[in-house]
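There are 2 protein chains.
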Amino acid sequence: MTKAELFEQIKIKKSYLCVGLDTDIKKIPEHLLGLEDPIFEFNKAIIDATSEFCVSYKPNIAFYEALGPRGWESLRKTLDYIPKDCFSIADAKRGDIGNTSSLYARAFFDETSSGMSFDSVTVAPYMGADSVQPFLEFKNKWVILLALTSNVGSQDFEFSELSSGQKLFEKVLEKSQEWGNDENMMYVVGATQTESLVGIRKIVPEHFLLIPGVGAQGGSLEEVSKYGMNSTCGLLVNSSRAIIYASSGEDFAEKARIETQKVQAEMEICLDWI
Amino acid sequence: MTKAELFEQIKIKKSYLCVGLDTDIKKIPEHLLGLEDPIFEFNKAIIDATSEFCVSYKPNIAFYEALGPRGWESLRKTLDYIPKDCFSIADAKRGDIGNTSSLYARAFFDETSSGMSFDSVTVAPYMGADSVQPFLEFKNKWVILLALTSNVGSQDFEFSELSSGQKLFEKVLEKSQEWGNDENMMYVVGATQTESLVGIRKIVPEHFLLIPGVGAQGGSLEEVSKYGMNSTCGLLVNSSRAIIYASSGEDFAEKARIETQKVQAEMEICLDWI
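Residue numbers (the working numbering), protein chains in the order written: chain U, 4 to 277; chain F, 4 to 277.
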């Protein structure tokens, strides 16, 4: 999916919501556990209930990987089921030396190899240029690079002050623009980091930002939108637990739909600002 | 496996070699491709041929993940086949927010969940404390944290100078000692970074270091051993491509055995230094 196509979907649905499919076998409603593939059945119901109100789905790969080969099969089926007009994100946080990152790119972008082809994959920047570039060689695919994450641990290294006066995450934003552009690269910026958004927009005014941390982690949608939006929206705001676990009963999909619609309504108001 | 048990194996085999199972379906000998699980058959033959001369095996997860669910099945079978007296490393370079890193820990350490239980997993430090700590909650398991990697991209961020005068990788070494110790944490230091080893040993004198980059990437075993060894050896030196692709013919396992024995003989000499 191109940047223009993504913005088109945002305008059609009046939403920049990404639903995080962090589907934990230990948390899904009990009545699903007897089915052949409970994880996929859960995701299928969530997608059916929410796709009208969101523009993107983001399975966090850890939740599938934790189940071994059968988890990967659930992931593959889930990706197949995500509507083609929704932007798919493999939240994998991968990254390795060049020849190895090429293999991770095959895993998430090359259907003939792995059976899966996501629109995008999240990548960790620590190992630098050659750990990121192999992902950028795939046409119409995106790298979503970790910049400033939503967790407490972001204080440990991401906020480290460099001798140049920059913070480490600012150097990541700046340096990585030598490798890609706003047509093939986005950045992860946690919703809990709104005070940094103004500065981030000075470095990457045109790029899309993937914003996790709204909902269970406590970030504010209004604040994020106020400081992060640009002329093509430029935001994909993710909510996982607050939507998919809105109810732990048989009405989980219905409750997820209500939550999603609520967020979409808020987003519709914010989109009037652009 | 405990640190004492690992050192015991090193003394028995007179080797601190780790064989990297970076098994690429596009590179293994043609005569294997007709078998039901070529990747596993290749690994099985390599393990049979080399286990006398090495103390560790390190499948790089990207190579398995690239093949989708069947790749994970090959990985699981490979881990089952690795002899129990060899230290197993899932070279996965994972890391995510706390609740998600717990799931990655399940994937590599919890056999009841994923079908696999490695001795250790490599972890990327960018996201800080809570991205690493969930892995440390598993008894007798190890985190191998990326410090200074062997690739060109290590120049981009790992070598960044902080306002404190430290390099970023030095801060990673120092800070992470608040989370673990030399009984449950090792560090990745590339063999191409020998000039940094003396300084690294000042920060982490007792920890084991996992050293990739000897062989195809050009690092020197003698140099690494001279500057990196401590009183319990403290080194696992990895070689992947130079061993597993020593021949592309039907004699691949035999040639791998010869290469492995060669490295072991060099290591036996270096071990006399301690």
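Glycine is no exception: its CB is placed at the ideal position from the N, C-alpha and C atoms.
Being a predicted model, the structure only gives us computed values, none of them experimental.
For chain F, is any of its Cβ atoms less than 8 Å away from the one on U:Gly118? The sequence position of residue 118 of chain U within the first sequence is 115, counting from 1. Yes, its Cβ sits closer than 8 Å to a Cβ of chain F.
Identify every run of the alpha helix (DSSP H) within the region 21-105 of chain F, keeping only runs that are complete inside it and at least 4 residues long; order them along the chain. Counting whole runs of 4 or more residues, the region 21-105 of chain F contains the alpha helix (DSSP H) stretches 41-53, 64-68, 72-84.
Considering Cα atoms alone, identify which of U:Ile28, U:Leu139, U:Ser117 is closest to U:Thr125. Taking the first residue of the first sequence as position 1, residue 125 of chain U is located at position 122. Out of U:Ile28, U:Leu139, U:Ser117, U:Leu139 has the C-alpha closest to the C-alpha of U:Thr125.
Looking at C-alpha atoms only, which residue of U:Glu181, U:Ser153, U:Met188 is the closest neighbour of F:Gly156? The sequence position of residue 156 of chain F within the second sequence is 153, counting from 1. With respect to the C-alpha of F:Gly156, the residue from U:Glu181, U:Ser153, U:Met188 having the closest C-alpha is U:Glu181.
Classify U:Ile277 as buried or exposed, calling it buried when 16 or more other Cβ atoms lie within 10 Å of its own Cβ. Residue numbering aside, residue 277 of chain U sits at position 274 when the first sequence is read from its first letter. Answer is exposed; the Cβ neighbour count stays below 16.
To the nearest angstrom, how far is it from the Cα of F:Gly118 to the Cα of F:Phe90? Position 115 of the second sequence, counting from 1, holds the residue named residue 118 of chain F. Position 87 of the second sequence, counting from 1, holds the residue named residue 90 of chain F. Each residue's alpha carbon lies about 18 Å from the other.
Quickly, what does DSSP pair U:Asn241 with across the bridge? List them, please. Position 238 of the first sequence holds residue 241 of chain U. Answer by DSSP bridge pairing, in chain order: U:Cys21.
Just to confirm, are F:Met188 and F:Ser199 a CB contact at a threshold of 8 Å? Mapped onto the second sequence, residue 188 of chain F falls at position 185. Mapped onto the second sequence, residue 199 of chain F falls at position 196. The answer is no: Cβ separation not under 8 Å.
What are the start and end residues of the beta strand (DSSP E) that includes F:Leu165? The count along the second sequence starts at 1 and reaches residue 165 of chain F at position 162. Taken as a continuous stretch (DSSP letters only), F:Leu165 belongs to no beta strand (DSSP E), as it is neither H nor E.
Residue of F:Lys47, F:Ala65, F:Thr53 minimising C-alpha distance to F:Cys21: Residue 21 of chain F sits at position 18 when you count from the first residue of the second sequence. Out of F:Lys47, F:Ala65, F:Thr53, F:Thr53 has the C-alpha closest to the C-alpha of F:Cys21.
Output yes if chain U places a C-beta closer than 8 Å to the C-beta of F:Asn241; else output no. Position 238 of the second sequence, counted from the first residue, corresponds to residue 241 of chain F. Not an interface residue.
Indicate the three-state DSSP secondary structure (helix, strand or coil) for U:Ile147 in the structure shown. As a first step, residue 147 of chain U is located in the first sequence; it is residue number 144 there, counting from the start. If DSSP states are grouped into helix, strand and coil, U:Ile147 belongs with the strands.
Segments of 3+ residues assigned as beta strand (DSSP E) that fall wholly inside the region 219-264 of chain F: Whole beta strand (DSSP E) segments, 3+ residues: 238-242.
List, in chain order, every chain U residue whose beta-carbon is nearer than 9 Å to that of F:Glu164. To locate residue 164 of chain F, count along the second sequence from 1; it is residue 161. Neighbours of F:Glu164 on chain U, chain order: Leu165, Ser166, Ser167.
Grab me the residues of F:Gln267's own chain with a C-beta within less than 8 Å of its C-beta, minus the 5 sequence neighbours each way, in chain order. Here residue 267 of chain F is taken as the residue at index 264 of the second sequence, counted from 1. Around F:Gln267: Lys16, Lys17, Ser18, Leu20, Phe56, Cys57.
Could you tell me which residues DSSP puts in a beta bridge with U:Thr125? Your numbering for residue 125 of chain U matches position 122 in the first sequence. For U:Thr125, which the question treats as bridged, DSSP gives the partners U:Ile147.
Where U:Arg79 meets chain F, residues with beta-carbon distance less than 9 Å: For this step, residue 79 of chain U is matched to residue 76 along the first sequence. Result: Gly71, Pro72.
Sequence-distant residues of the same chain with beta carbon closer than 6 Å to F:Phe162, five excluded per side: Locating residue 162 of chain F in the second sequence gives position 159, counting from the first residue. Within the same chain, F:Phe162 has close Cβ partners Lys170.
Using a Cβ-Cβ cut-off of 8 Å, state whether U:Trp145 counts as contacting chain F. Against the first sequence, residue 145 of chain U aligns to sequence position 142. With 8 Å as the cut-off, U:Trp145 does not count as an interface residue toward chain F.
Let's test the definition: count the other Cβ atoms within 10 Å of the Cβ of F:Asp275 and tell me whether it reaches 16, buried, or not, exposed. Here residue 275 of chain F refers to the residue found at position 272 of the second sequence. With fewer than 16 Cβ atoms within 10 Å of its Cβ, F:Asp275 is classed as exposed.
Can you pull the chain U neighbours of F:Gly98, defined as C-beta to C-beta under 8 Å? By 1-based counting over the second sequence, the position of residue 98 of chain F is 95. Those within 8 Å of F:Gly98 in chain U are Lys96, Ala127.
Does the beta-carbon of U:His210 have 16 or more other beta-carbons within 10 angstroms, so that it is buried, or is it exposed? The residue given as residue 210 of chain U occupies position 207 in the first sequence. That one is buried.
Expressed to the nearest angstrom, what Euclidean distance is found between the alpha-carbon atoms of F:Phe43 and U:Lys258? Walking along the second sequence from the start, residue 43 of chain F turns up at place 40. Walking along the first sequence from the start, residue 258 of chain U turns up at place 255. So the two alpha carbons sit approximately 45 Å from each other.
Same chain, Cβ closer than 6 Å to F:Cys273, five either side skipped, listed in chain order: The residue given as residue 273 of chain F occupies position 270 in the second sequence. Cβ within range, chain order: Ser228.
Counting contacts by CB-CB distance shorter than 8 Å, is F:Lys174 in contact with chain U? Counting from one through the second sequence, the residue named residue 174 of chain F turns up at place 171. Cβ-Cβ to chain U under 8 Å: yes for F:Lys174.
Check for me: the alpha helix (DSSP H) holding F:Ile214 runs from which residue to which? One-based indexing of the second sequence puts residue 214 of chain F at position 211. Counting along the chain, F:Ile214 falls outside any alpha helix (DSSP H), though it belongs to the beta strand (DSSP E) covering 212-214.
Considering only the beta carbon of each residue, do F:Ile92 and F:Asp122 sit closer than 8 Å? As a first step, residue 92 of chain F must be located in the second sequence, where it is residue number 89. As a first step, residue 122 of chain F must be located in the second sequence, where it is residue number 119. In this structure, F:Asp122 lies closer than 8 Å to F:Ile92 by Cβ.
Residues that DSSP places opposite U:Val217 in a beta bridge: As a first step, residue 217 of chain U is located in the first sequence; it is residue number 214 there, counting from the start. Per DSSP, U:Gly222.
Cβ-based burial, F:Thr195 [other Cβ within 10 Å; buried from 16]: On the second sequence, position 192 is the one that residue 195 of chain F refers to. Classification of F:Thr195: buried, given that the 10 Å Cβ count is 16 or more.
Mind reading off the beta-carbon distance from U:Ala108 to U:Pro137? Whole number of angstroms is fine, and I expect it under 8 Å. Taking the first residue of the first sequence as position 1, residue 108 of chain U is located at position 105. Taking the first residue of the first sequence as position 1, residue 137 of chain U is located at position 134. Rounded to the nearest angstrom, the Cβ distance from U:Ala108 to U:Pro137 is 5 Å, consistent with a contact under 8 Å.
Please look up how many angstroms separate the CB atoms of U:Pro208 and U:Val191, rounded, as I've assumed it's under 8 Å. Position 205 of the first sequence, counted from the start, is the residue given in the question as residue 208 of chain U. Position 188 of the first sequence, counted from the start, is the residue given in the question as residue 191 of chain U. Wrong, their Cβ atoms sit about 17 Å apart, outside the cutoff.
Mind checking whether U:Ile246 and U:Thr263 have CB atoms under 8 Å apart? Against the first sequence, residue 246 of chain U aligns to sequence position 243. Against the first sequence, residue 263 of chain U aligns to sequence position 260. Yes, the Cβ-Cβ distance between U:Ile246 and U:Thr263 is below 8 Å.
is_contact[U:Ser153, chain F] using C-beta, thresh 8 Å: In the first sequence, the residue the question calls residue 153 of chain U occupies position 150. By this cut-off, U:Ser153 is an interface position.
Could you give the first and the last residue of the continuous beta strand (DSSP E) run that contains F:Val191? Taking the second sequence and counting its residues from 1, one reaches residue 191 of chain F at position 188. First-last of the beta strand (DSSP E) with F:Val191: 188-192.
Nearest candidate by alpha-carbon position, reference U:Asn241, set U:Tyr248, U:Phe255, U:Met232, U:Gly218: Numbered from 1 along the first sequence, position 238 holds the residue referred to as residue 241 of chain U. For the residues U:Tyr248, U:Phe255, U:Met232, U:Gly218, the minimum Cα distance to U:Asn241 belongs to U:Gly218.
Where U:Gly183 and U:Ile147 are concerned, what is the direct C-alpha to C-alpha distance, given to the nearest angstrom? For the purposes of this step, residue 183 of chain U is taken as the residue at position 180 of the first sequence. For the purposes of this step, residue 147 of chain U is taken as the residue at position 144 of the first sequence. Between U:Gly183 and U:Ile147, the C-alpha separation is close to 11 Å.
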